[in-house]
Every structure is written in structure tokens, then in C-alpha cells.
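Peer 1: Got a structure for you, questions after.
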Amino acid sequence: MKERFARIFLTKPRDEWAEIFKGKDACAFPILSLQEAIANKHNVARGTFVKKEGSIDTHEPAAAPKLSRTPAHGSRPMPVPGSHTLEILTEFGFSTDQIQSMLKSKNVVADKNSRL
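115 is the number that numbering that gives the first Met the number 0 gives the last residue of the sequence shown; the numbers go up by one with no jumps.
Below you can see the structure in the form of C-alpha cells.
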């Protein structure tokens, strides 16, 4: 049965199937790309995605469920690339010399405020 459905669904584009199922008593909805999901009018109306703090166009899922008496906090700022590199490499057991070598060869990046 699974193979039969797969063959049938391959006969039409996704959006055509969405139109066919629109308004029908069937649990059928197209799988959206992230950009499509963010722009989807239902998701926009519900506030399903929020713009990431400090970002121009990065979104993240909003907190769920939405509680009236205890609303969720806003998003956290975007991380600075390399802000946790030294901490993570140290946790994984790399020596200071090994980390310095990785930094010198530019195989890893560390935030300028990070210290070994």
C-alpha cells in the first residue's frame, strides 16, 4: 500500500495535491520549506516563528504552548562565531598547545575576547 501511494503522489506536483485536498476532510498538508513555513499565513497569524534577536532574516520557532499568564521570554541573541571554541576544545581534552596550533593554522576560530 505504501508503494502504491508513493507512485500515485509522484504523478502530480506538491501544490496541485494541496489544491486537490483543500477543503476536504483529509489530514493532508504539503511539507513546506523553512522559508515557506515562516511566510505561511496561518503561521504568521499564530506567531509560530519569531525573528531571531540581532538578526536581519533569521527566524526560530516561537515558544509553545502560548500561555497567557506566564508568557515565554523572547529569543536569545545570535551567538558570536568562535565564542565557545576554546571552552569546547578544552572540554574535549585538547591541550593548550594543540588549541594554539589549531588557531594558528586557522582550522578553528575563537572570539577575540576568549582566553585560554
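All C-beta atoms in this analysis are idealised placements derived from N, C-alpha and C, irrespective of residue type, glycine included.
Does the beta-carbon of A71 have 16 or more other beta-carbons within 10 angstroms, so that it is buried, or is it exposed?
Peer 2: Its Cβ having fewer than 16 others within 10 Å, A71 is exposed.
Peer 1: State the start and end residues of the unbroken beta strand (DSSP E) segment that holds K50.
Peer 2: Note, K50: beta strand (DSSP E), F48 to K50.
Peer 1: Relative to the C-alpha of V79, which residue among K65, L88, P64 and S54 is closest?
Peer 2: Of K65, L88, P64 and S54, the residue nearest in Cα terms is S54.
Peer 1: Please tell me whether K50 and M77 are closer than 8 Å, where the distance is taken between their beta carbons.
Peer 2: Their beta carbons are not under 8 Å apart, which means K50 does not touch M77 by this criterion.
Peer 1: Label L33 either buried or exposed according to how many other C-beta atoms from any shown protein chain fall within 10 Å of its C-beta, with 16 as the threshold for buried.
Peer 2: Exposed: under 16 other Cβ atoms inside 10 Å.
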